[in-house]
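Undergrad: The numbering used here puts the sequence shown at residues 1 to 106. Think of the CB as a built atom: it goes at the ideal place given N, C-alpha and C, for glycine as much as any other residue. Predicted model, so just to flag it, every value in this text is computed and none were measured. Supplied in structure tokens, the structure appears directly below.
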Amino acid sequence: MVPRPACCAGEGDLADIETAGEYTWPKSLGLIGWDVDPQGFGAIFARAIPPFVEPHLRVAVDDVLALADVDRFVCHPGGAKVVTALERALSLPQGSLDHEREVLKL
Numbered sequence: 001m002v003p004r005p006a007c008c009a010g011e012g013d014l015a016d017i018e019t020a021g022e023y024t025w026p027k028s029l030g031l032i033g034w035d036v037d038p039q040g041f042g043a044i045f046a047r048a049i050p051p052f053v054e055p056h057l058r059v060a061v062d063d064v065l066a067l068a069d070v071d072r073f074v075c076h077p078g079g080a081k082v083v084t085a086l087e088r089a090l091s092l093p094q095g096s097l098d099h100e101r102e103v104l105k106l
């Protein structure tokens, strides 16, 4: 875990971002990334992301949670299965990430 402090002023309905972090899992390069070749590049989003998230994400999140008091997660939705996997991995009640679902129009 590499903690990266980040701050921005919260005004109105905007969030105050107090802490951010990065985490890299060994041998996970094929899950999300870029496929670059002479013709251009494309995004890689493996179908294995949701089943990977459930058993592995909590370790990284716990490291960030140790740095700050978090009262709401904001997650890049990715897709419906990823949102559900995030809720499970973080032990959130079903529907906790409904804003993310709304972005996906699910």
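#1: Starting from the C-beta of Pro3, find all residues in its chain whose C-beta is less than 6 Å away, skip the five residues before and the five after it, and write them out in chain order.
#2: On the three-state DSSP scale, how would you describe Ile49?
#3: Tell me the DSSP bridge mates of Val36?
#4: How would you write the range of the alpha helix (DSSP H) that Glu100 sits in, first residue to last?
#5: Relative to the alpha-carbon of Arg47, which residue among Phe73, His99, Gly78, Val36 has its alpha-carbon at the smallest distance?
#6: Could you tell me whether the region 56-75 touches the region 36-47, using the rule of 3 or more Cβ pairs below 8 Å?
#7: Could you compute how far the alpha carbon of Cys75 sits from the alpha carbon of Leu90?
#8: Could you pull out every residue in the same chain whose Cβ sits closer than 7 Å to the Cβ of Val82, ignoring the five residues on either side in sequence?
TA: A quick look at the data gives this:
#1: Here residue 3 is taken as the residue at index 3 of the sequence shown, counted from 1. With a pLDDT of 46 at Pro3, under the threshold of 50, the predicted position of this residue should be treated as unreliable, though the coordinate-derived value follows. Excluding the 5 residues flanking it on each side, Pro3 has same chain C-beta neighbours closer than 6 Å at Gly21, Leu67, in chain order.
#2: Numbered from its first residue, the sequence shown carries residue 49 at position 49. Correct three-state label for Ile49: helix.
#3: Residue mapping note: residue 36 aligns to position 36 of the sequence shown, counting from 1. When DSSP reads this structure, Val36 sits in a beta bridge with Phe41.
#4: Stepping through the sequence shown from its first residue, residue 100 is reached at position 100. According to the DSSP assignment, Glu100 belongs to the alpha helix (DSSP H) that extends over 98-104.
#5: Your numbering for residue 47 matches position 47 in the sequence shown. Out of Phe73, His99, Gly78, Val36, Gly78 has the C-alpha closest to the C-alpha of Arg47.
#6: By the Cβ test, the region 56-75 is not in contact with the region 36-47, since fewer than three Cβ pairs between them sit closer than 8 Å.
#7: As a position in the sequence shown, residue 75 is number 75, starting the count at 1. As a position in the sequence shown, residue 90 is number 90, starting the count at 1. Cα to Cα, Cys75 sits roughly 11 Å from Leu90.
#8: The residue you call residue 82 lines up with position 82 of the sequence shown. If we look at Val82 and ignore the five residues flanking it on each side, its Cβ neighbours are Ile49, Pro50, Val53.
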